[in-house]
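Just below is one structure, and these are the notes that go with it.
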Amino acid sequence: MANDSCNKSFCSNYMLLKPQECSVLDLAKILFSHKSLGQKIFVDCPNEEMIKEPLSRRWVIFLSILVQKTLLAIAKPLAGFGNAIEYWLNLQNVNGGFFRLLFKSLICKAVSPDKESAAYLSFIGNLDKRVEIDFSKNVGGRRRYDEAISMMAAKAAYENKAYIETTVKNHWKMDLVGSFDFWNDYQQKATTQAFVLQDKNVDPELIVVAFRGTEFFNSDDWISDFNLSWYDIPSMGKVHAGFVQALGLQKSLGWPKNIVQTDDNINHPPPAYYFLRKLLKQLLEKNEKARFVVTGHSLGGALAILFPAILAFHEESWLLKRLGGVYTFGQPRVGDENFIEYMKGHLTKHEVPYYRVVYSNDMVPRMPYDNSTFMFKHFGTCIYYNSLYREKILVEEPDKNGSFLLLFIPKMLNAAWELIRSCILPCVHGRKYQEGGLLLFMRVVGLLFPGMPAHCPQDYVNSTRLGSSDHSTEDVAKYQKIGIVPA
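Okay, here's the thing in structure tokens:
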């Protein structure tokens, strides 16, 4: 996790937070001391003005370090608690539900779940157990087809390798290239996961790269999310340090175009970016018409849009020309205004569509804030779905910074409607839209914390299936303005 001894020659400016080197007293002094934070060992920033004023910036540093220190302290008990929750959920699954489990336990016939089996679901997987891809609403448009596959792949990325293999091969009738664990050089662990599939049922052939999002009880993922350090890369702009580190930023090398195997890295998995870039070249060279898309939910969405950003940084034009699209779901912001202009230029040059799907009051796409303190911004085509699954094409989702206190009552009412809707959907659209007890519990929690259950994959899957494809004249005009033909 520590950022010491890292190579920063690839960037012109940076702010790196080091929570492991920040004591409780240091944490208090962040807010109440008038001394420059640039003199502190837990903040590495060559430009002291960037961390000196305003006070809100000190609050950002304080909260980021506080959350990271807390996550580091509770990492093991959080993982243990998460494992216990997942085991209990899967114990019910393999025994046919709570009451059947109770009955089987009484007659000593209860079955224990196998954590390595395809039937063993993550916490996220237990929120939405649907496996099949529904193309019934997606006939006639490439964007609709790609969006449907991308969302289900982004959801499947949370699961174990056996689940992914069974789902891709047996349910989707596609080819699984592989599911992989990737090295995070800053956390010194393999904390990034992704899988790659080939869909040969379409012409041209489609390759999908799906990054895993934030696991509910994984402190390493949450640390990547809340690490509000940043790098200012020449010609690219400021980017979220936690995300680029998860993608494959090298601690001792920065972002070299190629890395060589050494005694230091020979015994651990490869970094995500470099491995996937090489793999895609190998796959695409076999079929000159094949294209690929990159997708992910939550943290996975951030990695998905950063992947072509680094391809452009390394001038990988051949790969960018084969990139058929980037589809993200509930993606947080990853860069500043300069990064936006950088990406717009490269995506336009190579005609790469970028669709950023946002459901209703999901809080994650509204973070980090788009203001003078955080400096992060969104870009791309925002496909926004409200709680009726009505689709709108927007430049930015409504309430872009998630005004929690100001709009608490309307958001709470919307959360109440989502809870009621859980009972209506299966009656209207069938049992495949029935929500389980765990998701219903999350809906109830959403009454107090609106926007939390809205980030779950369930509503994103529903949006891609039930979202209206009818666009008003105003929507069509917005499409045409950004160079997109409605699917």
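43 is the number that the numbering used here gives to position 43 of the sequence shown; each next residue is one higher, with no gaps. Note that beta-carbon positions come from the ideal geometry of N, C-alpha and C, so glycine has one too. Please read these numbers as outputs of a predicted model, since none were measured by experiment.
I'd like the span of the beta strand (DSSP E) that includes residue i, first residue to last.
i: residue 178; result: 175-184
i: residue 437; result: Taken as a continuous stretch (DSSP letters only), residue 437 belongs to no beta strand (DSSP E), being part of the alpha helix (DSSP H) at 437-445.
i: residue 373; result: First-last for residue 373: undefined, no H or E at that position.
i: residue 295; result: 291-297
From residue i to residue j, what does the alpha carbon distance come to, in whole angstroms?
i: residue 156; j: residue 125; result: 8 Å
i: residue 7; j: residue 150; result: 35 Å
i: residue 346; j: residue 378; result: 16 Å
i: residue 272; j: residue 209; result: 11 Å
i: residue 234; j: residue 340; result: 13 Å
i: residue 10; j: residue 168; result: 39 Å
i: residue 416; j: residue 301; result: 28 Å
i: residue 492; j: residue 188; result: No statement about residue 492 is possible, as the shown extent of the chain runs from 1 to 487 and does not include it.
i: residue 216; j: residue 123; result: 7 Å
i: residue 134; j: residue 466; result: 10 Å
i: residue 119; j: residue 158; result: 13 Å
i: residue 398; j: residue 207; result: 33 Å
i: residue 367; j: residue 67; result: 15 Å
i: residue 146; j: residue 433; result: 21 Å
i: residue 304; j: residue 144; result: 18 Å
i: residue 463; j: residue 359; result: 8 Å
i: residue 275; j: residue 426; result: 42 Å
i: residue 419; j: residue 413; result: 10 Å
i: residue 183; j: residue 308; result: 19 Å
i: residue 290; j: residue 313; result: 23 Å
i: residue 201; j: residue 142; result: 13 Å
i: residue 364; j: residue 451; result: 8 Å
i: residue 460; j: residue 256; result: 36 Å
i: residue 192; j: residue 136; result: 33 Å
i: residue 479; j: residue 393; result: Per-residue confidence for residue 479 stands at a pLDDT of 45, beneath the threshold of 50, marking its modelled position as unreliable; the derived number appears in the next sentence. Cα-Cα distance, rounded: 7 Å.
i: residue 195; j: residue 381; result: 25 Å
i: residue 164; j: residue 205; result: 20 Å
i: residue 292; j: residue 153; result: 13 Å
i: residue 176; j: residue 115; result: 21 Å
i: residue 78; j: residue 317; result: 43 Å
Can you round the beta-carbon distance between residue i and residue j to whole angstroms, since I take them to be within the 8 Å contact cut?
i: residue 336; j: residue 400; result: At roughly 15 Å, the Cβ-Cβ gap does not stay under 8 Å, so residue 336 and residue 400 are not in contact.
i: residue 446; j: residue 453; result: 4 Å
i: residue 298; j: residue 330; result: 5 Å
i: residue 350; j: residue 306; result: No, residue 350 and residue 306 are not in contact; Cβ-Cβ is about 16 Å, not under 8 Å.
i: residue 242; j: residue 225; result: 6 Å
i: residue 13; j: residue 185; result: Going by Cβ atoms, the distance from residue 13 to residue 185 rounds to 21 Å, so no, they are not a contact pair.
i: residue 281; j: residue 319; result: 7 Å
i: residue 389; j: residue 355; result: No, residue 389 and residue 355 are not in contact; Cβ-Cβ is about 16 Å, not under 8 Å.
i: residue 229; j: residue 31; result: 19 Å between Cβ atoms; not a contact.
i: residue 369; j: residue 376; result: 7 Å
Quick one: what does DSSP say residue i is sitting in, helix, strand or coil?
i: residue 329; result: strand
i: residue 42; result: coil
i: residue 346; result: helix
i: residue 430; result: coil
i: residue 566; result: Examination of residue 566 is not possible in this model, given that the chain is present from 1 through 487 alone.
i: residue 240; result: strand
i: residue 211; result: strand
i: residue 109; result: coil
i: residue 275; result: helix
i: residue 480; result: A caution first: residue 480 carries a pLDDT of 43, below 50, which makes its placement in the model unreliable, though a value can still be read off. Residue state, collapsed to three classes: helix.
i: residue 250; result: strand
i: residue 335; result: strand
i: residue 97; result: coil
i: residue 324; result: strand
i: residue 399; result: coil
i: residue 408; result: helix
i: residue 340; result: helix
i: residue 171; result: helix
i: residue 118; result: coil
i: residue 300; result: helix
i: residue 257; result: coil
i: residue 58; result: helix
i: residue 87; result: helix
i: residue 134; result: coil
i: residue 388; result: coil
Which residues does DSSP list as the beta-bridge partners of residue i?
i: residue 382; result: 356, 394
i: residue 199; result: 206
i: residue 16; result: 44
i: residue 192; result: 182
If you follow the alpha helix (DSSP H) that residue i is in, where does it begin and where does it stop?
i: residue 27; result: 24-32
i: residue 147; result: 142-156
i: residue 318; result: 317-321
i: residue 466; result: 457-466
i: residue 166; result: 161-166
i: residue 127; result: 123-127
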